[in-house]
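Take the first sequence: its letter number 74 is residue 622 in the working numbering, and every next letter is one higher.
Each remark here refers to the structure printed beneath this line.
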Amino acid sequence: MKITLNVTVRPFNLDYTLQCGQVFRWEKHGSWWYGVVAGKAIKIRQIRDVLEYEGARTDFIGKYFRLDDSLPVILSRISKDVYVRGVVRKFHGLRLINQDPWECLISYICATYKNIPAIEDMVNKLSKQFGSVMTLDNNRFYAFPSSNSLSSATISELVQCKLGFRAKSVHEAAKQVENGAVSFVELGSMSYEAAKRELLKLPGVGSKVADCVLLFSLNKLEAFPVDVWVKRTILNNYHEHFDDAFIRKASAKKSLTSGEYRRISSFAREYFGEYAGYAQQYLFHNERSACQRA
DNA sequence: TTGCCGCCTTTGTA
DNA sequence: ATACAAAGGCGGC
């Protein structure tokens with residue numbers, strides 16, 4: 549199956565989109581990217597204007613990669629100054645992905661105080677241990693485990709997947725999803741603020757994790773997750789929007805208080821506007837790629 | 001109500 | 001080798 553994008557009207561860069569650290573389960577072999585989405589193995593590649601794929605329907609690909617988002621409009625809206633304009637130009641075509649909320653929630657609970665390679669390792673171990681196996685091009689792939697399978701796993705089994713202190717949160721969150729205490733369908737229909745209040749009730753979910761779930765899987769494009777990289781880039785490049793005492797205090801510490809988090813993310817939401825989440829992902833990817841480390 | 005401290009596993013890197 | 005950083009959260013005071 550193929551989609552012709554016409555990238556001048558509908559810009560898209562598959563590599564930036566899958567490499568920028570928003571998803572953890574895609575791997576590139578040769579020119580093809582392989583991943584498991586919605587319980588099915590998919591392969592996809594991009595050659596200039598053409599997106600070629602197997603294992604999914606066209607409408608699913610379009611929805612997953614948000615191909616209906618008008619990137620020219622979004623990028624022009626968030627390009628409020630020369631700095632962000634440069635970053636947007638550098639990674640032009642990067643799109644947010646519309647992830648499965650359940651997988652996104654567990655992935656970002658695991659992401660707490662871990663770097664991206666370690667997160668990929670944890671999520672792959674969870675999938676191999678608890679997910680169903682499938683084959684594509686003679687390679688084995690594993691579905692992301694269901695809420696039922698993670699809620700019925702033991703803590704020690706989860707610890708063996710290198711989750712550490714996150715194991716209890718993952719287990720408890722899985723139980724709450726499984727028993728219906730949280731419904732992603734309901735969250736999707738709520739406002740950003742209301743959905744965030746609900747997510748914050750889950751164990752292992754604070755402001756940052758909640759914003760990631762809202763942005764990456766619940767269509768709340770105004771969400772602006774602030775992790776260590778985003779904090780760094782905002783305080784360095786937008787310091788004129790904060791007083792010196794705040795800059796010094798927030799820069800010195802590794803983790804933010806909830807007040808400091810709110811101050812940075814609400815500044816960004818007001819400054820970048822309704823598509824602040826897109827700005828966040830471009831800035832995050834730029835800050836991280838400026839550093840050599842994965 | 002808010003702020004600040006210390007701790008929470010594990011892995012990789014300098 | 002030993003220390004530090006990593007898409008933070010939470011309970012204590």
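For every residue, glycine included, the Cβ atom is placed at its ideal position computed from N, Cα and C.
Tell me the DSSP bridge mates of residue i?
{"i": "Glu600", "result": "Lys550 and Arg593"}
{"i": "Trp581", "result": "Lys576 and Ile592"}
{"i": "Tyr690", "result": "Val681"}
Between the Cα of residue i and those of the options, spot the shortest distance and give me the residue it belongs to.
{"i": "Leu735", "options": "Asp759, Gly712, Arg714 and Leu698", "result": "Asp759"}
{"i": "Ala722", "options": "Arg614, Lys588, Gly587 and Pro693", "result": "Pro693"}
{"i": "Gly752", "options": "Ile654, Asp629, Gln570 and Gly583", "result": "Ile654"}
{"i": "Arg596", "options": "Ile795, Asp791 and Leu562", "result": "Leu562"}
{"i": "Ala586", "options": "Gln647, Tyr819 and Phe560", "result": "Gln647"}
{"i": "Phe790", "options": "Lys716, Tyr819 and Ser627", "result": "Tyr819"}
{"i": "Phe832", "options": "Tyr564, Leu748, Leu553 and Met549", "result": "Tyr564"}
{"i": "Val630", "options": "Arg796, Ile645, Tyr786 and Phe794", "result": "Tyr786"}
{"i": "Ala827", "options": "Glu668, Lys676, Ile782 and Ala701", "result": "Ile782"}
{"i": "Phe815", "options": "Phe678, Ala793 and Glu788", "result": "Glu788"}
{"i": "Ile518", "options": "Phe560, Ala800, Lys749 and Asp607", "result": "Outside the displayed range of the chain (549 to 842) lies residue 518, so it cannot be described from this structure."}
{"i": "Ser618", "options": "Lys628, Leu553 and Arg593", "result": "Leu553"}
{"i": "Val555", "options": "Ala838, Gln594 and Lys802", "result": "Gln594"}
{"i": "Asp607", "options": "Arg796, Met549, Ala793 and Lys801", "result": "Met549"}
Give me, in chain order, the residues of the same chain whose beta-carbon lies closer than 8 Å to that of residue i; leave out the 5 immediate sequence neighbours on both sides.
{"i": "Leu804", "result": "Val774, Lys779, Ala798 and Ile812"}
{"i": "Val557", "result": "Pro620"}
{"i": "Asp616", "result": "Gly610"}
{"i": "Ala842", "result": "With a pLDDT of only 45 at Ala842, under the threshold of 50, the placement of this residue in the model should not be trusted, and no figure is reported."}
{"i": "Arg614", "result": "Arg643, Leu644, Ile645 and Asn646"}
{"i": "Asn767", "result": "Asn646 and Gly736"}
{"i": "Ser675", "result": "Arg573, Val584, Tyr690, Ala691, Phe692 and Pro693"}
Got a sec? Which residues, its chain only, sit under 7 Å from residue i by beta carbon, not counting five neighbours each side?
{"i": "Val725", "result": "Trp650 and Ser695"}
{"i": "Leu711", "result": "Cys658, Met670 and Val718"}
{"i": "Lys673", "result": "Cys709 and Lys710"}
{"i": "Arg605", "result": "none"}
{"i": "Arg714", "result": "Ile657, Cys658, Thr660 and Gly752"}
{"i": "Trp777", "result": "Phe832, Glu835 and Arg836"}
{"i": "Arg817", "result": "Glu770, Phe772 and Ala824"}
{"i": "Glu668", "result": "Phe572"}
{"i": "Ile703", "result": "Ala715, Lys716 and His719"}
{"i": "Leu566", "result": "Trp574 and Trp581"}
{"i": "Phe678", "result": "Pro693, Ser697, Leu698 and Ala701"}
{"i": "Leu750", "result": "Ala721, Gln724 and Val730"}
Looking at residue j and residue i, is the spacing between their C-beta atoms short of 8 Å?
{"i": "Ile551", "j": "Ile609", "result": "yes"}
{"i": "Lys588", "j": "Trp580", "result": "no"}
{"i": "Arg836", "j": "Gly634", "result": "no"}
{"i": "Tyr809", "j": "Ser755", "result": "yes"}
{"i": "Tyr823", "j": "Leu769", "result": "yes"}
{"i": "Gly821", "j": "Arg625", "result": "yes"}
{"i": "Ala743", "j": "Leu762", "result": "yes"}
{"i": "Cys652", "j": "Ser737", "result": "no"}
{"i": "Ala771", "j": "Gly807", "result": "no"}
{"i": "Ala691", "j": "Ser699", "result": "no"}
Spatial neighbours of residue i within its chain, please: C-beta separation below 6 Å, excluding the five flanking residues on both sides.
{"i": "Phe689", "result": "Val584, Ala589 and Met682"}
{"i": "Leu748", "result": "Ala758"}
- Query: Within the chosen definition, does the segment 655-667 reach the segment 599-606 through at least 3 CB pairs nearer than 8 Å?
  - Reply: no
Exercise for the section: For the segment 728-748 and the segment 679-689, state whether three or more C-beta atom pairs, one from each stretch, are separated by less than 8 Å. Expected result: Contact between the segment 728-748 and the segment 679-689 is absent: fewer than 3 CB-CB pairs across the two stretches fall below 8 Å.
With three or more beta-carbon pairs closer than 8 Å as the criterion, would you say the segment 699-716 touches the segment 624-641? Contact between the segment 699-716 and the segment 624-641 is not established, with fewer than three Cβ pairs separated by less than 8 Å.
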